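Number of protein chains: 2
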Amino acid sequence: MDDRTAAPRGIAALARKVKSDSFQMASLSEDLRNKALAMISDALVENKAAIFAANEADLAAGTEIGLPGPVMKRLKFDEAKLRDAAEGLAGLISLPDPLFRTLLERELDDGLLLRQITCPIGVIGVIFESRPDALIQIASLCLKSGNCAILKGGSEAMRTNKILYDLIFGAGVRAGVPEGFLALVESRADIDELLTCHESIDLLIPRGSNEFVRHIMARSSIPVMGHSDGVCHIFADKSVDAAKAVPLIRDAKTQYVAACNAVESLLVHSEAAARLLPPLYADLTACGVKLRGCPRTLDFIPAEPAEEADFDREYLDYVLSVRIVDDLDAAIAHINRHGSHHTDCILTEDDSSAERFMLLVDSAGVYRNCSTRFADGFRYGFGAEVGISTGKLHARGPVGLQGLVTYKYRLYGQGHIVGDYAEGRKSFHFKDP
Amino acid sequence: MDDRTAAPRGIAALARKVKSDSFQMASLSEDLRNKALAMISDALVENKAAIFAANEADLAAGTEIGLPGPVMKRLKFDEAKLRDAAEGLAGLISLPDPLFRTLLERELDDGLLLRQITCPIGVIGVIFESRPDALIQIASLCLKSGNCAILKGGSEAMRTNKILYDLIFGAGVRAGVPEGFLALVESRADIDELLTCHESIDLLIPRGSNEFVRHIMARSSIPVMGHSDGVCHIFADKSVDAAKAVPLIRDAKTQYVAACNAVESLLVHSEAAARLLPPLYADLTACGVKLRGCPRTLDFIPAEPAEEADFDREYLDYVLSVRIVDDLDAAIAHINRHGSHHTDCILTEDDSSAERFMLLVDSAGVYRNCSTRFADGFRYGFGAEVGISTGKLHARGPVGLQGLVTYKYRLYGQGHIVGDYAEGRKSFHFKDP
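Chains as they are written, first to last, in my numbering: chain A, 5 to 437; chain B, 5 to 437.
As C-alpha cells, then:
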C-alpha cells in the first residue's frame, strides 16, 4: 500500500499505475462494486474507534495552530458523521448502476449493429477541502461508477484521511477491486505534479475556494469540472407574492451563507418594490443581513448604497445586493451579464414570465418560487454529488453518478466494409428498436 | 451585415454581440429553426450560379498559387456538392429536435418539481479547413441545435465562403432568427483573438490537421472538442476468419487513407499469424500498401522492419504497422498504450474475446468484425457530424446534434425553502413519473 501514498517525486508513476488498473475497473460487475461498497461501510463502522482517535489528533493539532472555527467544524468526524457516511453508502448501493446502460441502439444495416453504452471516465483526480467525510463520499462515488480516483485531501485532516483511506482501500481490495482504484496523495506540492499527468488522469475535480478552482483550471491541460463562482440571483417579478417571497429570500440568503447556492443579488421589478422591499428589509435586518441597494432601492428602504462592483460579488456572508429593474427582460439581461451561470430564481405568479425566465437565463439551475439553496445533488435525489458544475459541457449543475460516466460506441459487424456503402453496393437503413 | 465579417480588432466585440443574441436563440421554436433551414436551402439553390462563380474564382486563385491536388479537390463546390448540401439540409430538418427534451423529471416533494431539459450550449467557434461544404453543414447543425456560430474557414475558400455565408445569414434573418446566429471571420490572425474570448465563446471546434487542433487546445482556456490523433488498430484474434479479415483490413487501410478512422496498426494473435499474414500481405501489397513488421512478423512475410515509433504513428498513407502479440490481453494493453482512443476493432469469431475487448479497450469506438472506417456521424445515422471527439467528456466519437446541446435544471416550487428540510419539518420523497 505504501506506493499509493506516494512521495512527491512518485506522483507521475503512481498516476500511470492507477491508469493501468483503470481499464480493468471498466469491466467490474455491478455486484462486485456494490459488494465492495458494503465492505467499505462495514470496515468504517468496525474501526470507528481508530478513526475517531485519528480525528481527535487532527483536531488537537488544529487547535494548536489556531484553525478558524468553521474549519474546525468541517474537520470534525464523529458518530453523527460516521452514521451519515454509512447511510450514504447504503443509499449509493441501492442506486441503479450508471455503467452498461444502453443510450442508443441502432441497426445500421443487416447484421451491422451500433450500441452506445455507458462506461467509466477512467482516472479522476479529486482535490478537496478539510472535510474527511468528503473523502468517503468521493471514493465511493468513483467506485460505484467504475472510476479510479486519486485523492488529495486537506492537510489539516491528514491523520483522519489516512486511516479512512487505509480502511477503504483495504476493504475494496479484499472485495476484489484492482489496487489502483484508490490512491491518496498527501502534500500540497503533489498537486502541481498531478496537474501535469494528462496522460494518466482524465478529469480533475477541485473542490474548495473559487481562487483555488481557478488556479487549477489555469494550470492544467486536464479537463476540470467545478464551479468558479456562485453569484446566484432572485428576481421578484411584478406579480410576486410578497408573503411567500420574504421567507424564501431569507432562506436563500441565510440558511447557509457560505454556500455557493446562497443568493447574492436580489432584483426587484419596479412595480413590486413598494410592497416587497419594506417587509423584506425588516425581516432580513432582523436576521443580521446587510442590504446594499441601487439608488432607486434607497427610495424604499434605508439600505447602504451599492457600488456597481457589488453586483458581481459572491459575498458568502450576511450581505445582499438589491437592484430595481424595469421589467423581466432587464432582469434576465442583468443575470446573464453579472451571474455565474449557477442557479437563479424568479418569484412570480405569472406562468409566461416564469417560462421566459427559464428559457432565457443561461444558468445550470433556473427556478421558480423556491430557494436557490435547493441546488444540491442530495436535494435533487442523486444520492450524493461530487460537486456543482458551472461549466456547460459534459455535466452542468449538481453532479452525481451520471457525471462520472462517459460512453463508447460498440459496432458489431460480420465483415462489413465501408467501400460497399461508398460505392453504392449497399446502403444503410438505420432502424432503432 | 458588415459588422459580422469583422476586421481583426473587432473580434472580441463581435463575439460579445453574438453572445448577447445567443440567449434569444435558446427560445426559438423548432418550427422557426426548421423554417430557417428550409429557406437557407432555397437560397443556396436559387443562387447557385453566383456560388459557382465565386468558387471558380477561388479555384483559379488556387491554381495560380499552386495549391496541391487534394486541397483543390476539397475546395471545389459544384452541382454535386450543392445537391449533397440540399439533401443534408432536408435530412437535418427531418431529424428530431435536440432541444426541449426532458432528460429527467422528478417530484422532490409535494409541489416541488425538478425537470432536466436540453438547451443549446450557446456560442460555438468553429475553425475549419478548405471545404466550403463544411461551412453549410456546420452553420446548419448549429442553427438546428439553437447555437450561435462564429465560423473561420480556410483562406483558399474565401470567396466561396463569403457568398455562402451571406446567403445563409440573409435567409436565416429573413426567417426570424436573431442576427447573431452566424458570424464569419476571415483572417488567420482573427483566430488568435477568438481564442481569448472565453467570456463569449462556450466551445471551440477546430477541424483540420492534428497539429492545428493541438495548437488550439494549448492556447485557449475555452473548452475544445476535437480529435488530436487517429491511431486506429485492428486486432486479428486467434479465431479470426482470414477470408473475412483480408478485405476488411484492406477497406480499413485503403478506402480513404487520409481519414482519421483509417487503420494504422494491425495486431495479430501469434496463433493466427501463419494463416492471415501471407494472404494479407499479397492483397495489401497489390493495393500499394507498404507493411512494416515487428521481428516476429518478418518470419511470415517480407515486410519492412518496423521501428518502435511506427506503432505510435498516424500514417494517413499507404503504410501499415504489423505486430504479433501472444494473446488478447497483450493486444488490449498495446492499444490502450499506443492508440489515440479513437476507434479500434477486433476480428474474432469468439464472443467472449469480443466482449472482453469491448470492455477493456478505452476508445470512443470498439468494433467487432467491421471496418474502422465506419466511425462517422453519417454512417451512425446522426445526419451529419461536427467532428469526431477523442476526448471522453461531454461527447465522444462522432458528434452530431446531441453533442451541441447541454441542459438546465428547472425547479418549480410554491415558496419552498431549504430550512424546512434541513430542520426536519419536511422531507423529500423523490418520485419519478
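A virtual CB, placed ideally from N, CA and C, is assigned to each residue, including glycine.
Since this is a predicted model, take the numbers as computed values, not measurements.
In the stretch 272-295 of chain B, which residues sit with their C-beta less than 7 Å from some C-beta in chain A, listed in chain order? none
With threonine 347/B as the anchor, note down where its alpha helix (DSSP H) starts and where it stops. Indexing the second sequence from 1 puts residue 347/B at position 343. Segment 347-351 is the beta strand (DSSP E) holding threonine 347/B; no alpha helix (DSSP H) there.
Limits of the alpha helix (DSSP H) - the one that threonine 394/A falls within: Reading the first sequence from its first residue, position 390 is the one you call residue 394/A. Run containing threonine 394/A: none; DSSP gives neither H nor E here.
Could you check if aspartate 255/A is buried or exposed, using at least 16 other CB atoms within 10 Å of its CB as the buried criterion? Sequence index remark: in the first sequence, residue 255/A carries index 251 (1-based). Buried: at least 16 other Cβ atoms inside 10 Å.
Listing by chain order, which chain B residues have their CB less than 8 Å from the CB of proline 309/A? As a first step, residue 309/A must be located in the first sequence, where it is residue number 305. Residues of chain B passing the Cβ test: none, with the nearest at roughly 28 Å.
Which runs of the alpha helix (DSSP H) at least 4 residues long sit entirely within the stretch 17-53 of chain B? Give them in chain order. 34-50
Could you check what DSSP says for serine 269/A in three-state terms: helix, strand or coil? Translated into positions along the first sequence, residue 269/A becomes position 265. It is a strand residue.
Range of the contiguous beta strand (DSSP E) that encloses arginine 327/B: Walking along the second sequence from the start, residue 327/B turns up at place 323. Note, arginine 327/B: beta strand (DSSP E), 323-329.
Is the beta carbon of methionine 29/A sitting closer than 9 Å to the one on glycine 129/A? Your numbering for residue 29/A matches position 25 in the first sequence. Your numbering for residue 129/A matches position 125 in the first sequence. Result no, Cβ atoms of methionine 29/A and glycine 129/A do not sit closer than 9 Å.
Could you tell me whether the Cβ atoms of arginine 37/B and glycine 174/B are closer together than 9 Å? Along the second sequence, one-based indexing puts residue 37/B at 33. Along the second sequence, one-based indexing puts residue 174/B at 170. No; because the gap between Cβ atoms is not below 9 Å, this pair is not in contact.
By the 10 Å Cβ neighbour count, where 16 or more other Cβ atoms means buried, how is arginine 192/B classified, buried or exposed? As a working mapping, residue 192/B is identified with position 188 in the second sequence. Label assigned to arginine 192/B: exposed.
How would you call threonine 376/A, buried or exposed, if buried means at least 16 neighbouring beta carbons within 10 angstroms? Locating residue 376/A in the first sequence gives position 372, counting from the first residue. With 16 or more other Cβ atoms within 10 Å, it is buried.
Going by DSSP in three states, glycine 404/B sits in which element: helix, strand or coil? The residue given as residue 404/B occupies position 400 in the second sequence. DSSP places glycine 404/B in coil when its eight states are reduced to three.
Let me see if you follow: with CB-CB separation under 9 Å, is isoleucine 220/A close to chain B or not? What you label residue 220/A is simply residue 216 of the first sequence in a count that begins at 1. Cβ-Cβ to chain B under 9 Å: no for isoleucine 220/A.
Is the number of C-beta pairs between the stretch 189-209 of chain B and the stretch 236-243 of chain B that are closer than 8 Å three or more? At 8 Å Cβ cutoff, the stretches do not touch.
Within the same chain, show all residues whose beta-carbon is closer than 6 Å to that of glycine 158/A, passing over the 5 residues directly before and after it, in chain order. For the purposes of this step, residue 158/A is identified with residue 154 of the first sequence, where counting begins at 1. Non-local C-beta neighbours of glycine 158/A in its own chain, meaning closer than 6 Å and more than five positions away in sequence, comprise Glu133, Ser134, ordered along the chain.
Assumed close pair phenylalanine 81/A, asparagine 59/A - CB separation to whole angstroms, cut-off 8 Å: Reading the first sequence from its first residue, position 77 is the one you call residue 81/A. Reading the first sequence from its first residue, position 55 is the one you call residue 59/A. About 4 Å; that satisfies the 8 Å criterion.
Residues of chain B with CB closer than 7 Å to the CB of alanine 47/A, please, in chain order. Within the first sequence, the letter at position 43 stands for residue 47/A. The premise fails here: alanine 47/A is roughly 28 Å from chain B at the closest Cβ pair, so nothing lies under 7 Å.
CB contact below 9 Å: asparagine 165/A versus chain B: Residue numbering aside, residue 165/A sits at position 161 when the first sequence is read from its first letter. Judged by the 9 Å Cβ criterion, asparagine 165/A is not in contact with chain B.
Exposed or buried, what is aspartate 330/A when buried is set at 16 or more other beta-carbons lying within 10 Å of its beta-carbon? Translated into the one-based positions of the first sequence, residue 330/A becomes position 326. Classification of aspartate 330/A: exposed, given that the 10 Å Cβ count is below 16.
Starting from glutamate 197/B, trace the alpha helix (DSSP H) in both directions and tell me its first and last residue. One-based indexing of the second sequence puts residue 197/B at position 193. First-last of the alpha helix (DSSP H) with glutamate 197/B: 192-199.
C-beta contact flag for tyrosine 413/B and tyrosine 384/A at 9 Å: For the purposes of this step, residue 413/B is taken as residue 409 along the second sequence, with counting starting at 1. For the purposes of this step, residue 384/A is taken as residue 380 along the first sequence, with counting starting at 1. It is a contact, given that the beta carbons lie within the stated cut-off.
Could you check whether the stretch 356-370 of chain A touches the stretch 400-415 of chain B, counting it as contact only if at least three pairs of C-beta atoms, one from each stretch, sit closer than 8 Å? yes
Looking only at its chain, what residues have a beta carbon closer than 7 Å to the beta carbon of arginine 424/A, apart from the 5 residues adjacent to it on each side? Here the question's residue 424/A lines up with position 420 in the first sequence. One detail in the question is off: residue 424/A reads as aspartate in this sequence, not arginine. Excluding positions up to five away in sequence, the list reads Lys430.
Going along the chain, which residues of the stretch 351-363 of chain B sit with their C-beta nearer than 7 Å to a C-beta in chain A? Met362, Leu363
For glycine 404/B versus alanine 388/B, is the C-beta spacing smaller than 9 Å? By 1-based counting over the second sequence, the position of residue 404/B is 400. By 1-based counting over the second sequence, the position of residue 388/B is 384. Contact: yes.
Closer than 6 Å by C-beta to alanine 84/A: which residues in its own chain qualify, once you throw out the five before and the five after it? Chain order, please. Looking up residue 84/A in the first sequence gives position 80. Closer than 6 Å at Cβ, skipping near neighbours: no residue.
Bridge partner(s) assigned by DSSP for glycine 369/A: Taking the first sequence and counting its residues from 1, the one referred to as residue 369/A is at position 365. Glycine 369/A is bridged to Thr347/A, Tyr413/B.
The stretch 402-413 of chain A: positions lying closer than 7 Å to chain B by Cβ: Residues of the stretch 402-413 of chain A with a C-beta less than 7 Å from any C-beta of chain B: Thr410, Tyr411, Lys412, Tyr413, listed in chain order.
Within its chain, find whatever has a CB closer than 7 Å to the CB of alanine 2/B; leave out the 5 residues flanking it on each side and keep chain order. What is shown of chain B runs 5 to 437, which leaves residue 2/B out entirely.
Can you tell which of Ala286/B, Cys152/B, Ser325/B, Arg279/B has its C-alpha closest to the C-alpha of glycine 297/B? Counting from 1 along the second sequence, the entry for residue 297/B is found at position 293. Considering only alpha carbons, the answer is Ser325/B.
For glutamine 141/A, count the other beta carbons within 10 Å of its own beta carbon; 16 or more makes it buried, fewer makes it exposed. Which is it? Residue numbering aside, residue 141/A sits at position 137 when the first sequence is read from its first letter. Here glutamine 141/A is buried. Its C-beta has 16 or more other C-beta atoms within 10 Å.
Counting only the same chain and skipping the five closest in sequence on each side, list residues whose C-beta sits under 7 Å from that of leucine 171/B. Reading the second sequence from its first residue, position 167 is the one you call residue 171/B. These residues qualify, in order along the chain: Ala47, Leu48, Asn51.
Is there a Cβ of chain B sitting closer than 9 Å to that of glycine 385/A, yes or no? Reading the first sequence from its first residue, position 381 is the one you call residue 385/A. Yes, because at least one Cβ of chain B sits closer than 9 Å to the Cβ of glycine 385/A.
So with Cβ pairs under 9 Å, would you call phenylalanine 27/A a contact of chain B? As a first step, residue 27/A must be located in the first sequence, where it is residue number 23. Yes, because at least one Cβ of chain B sits closer than 9 Å to the Cβ of phenylalanine 27/A.
So which residues of chain B does arginine 372/A contact, with C-beta pairs closer than 8 Å? Taking the first sequence and counting its residues from 1, the one referred to as residue 372/A is at position 368. Chain B residues near arginine 372/A: Arg414, Leu415, Tyr416, Gly417.
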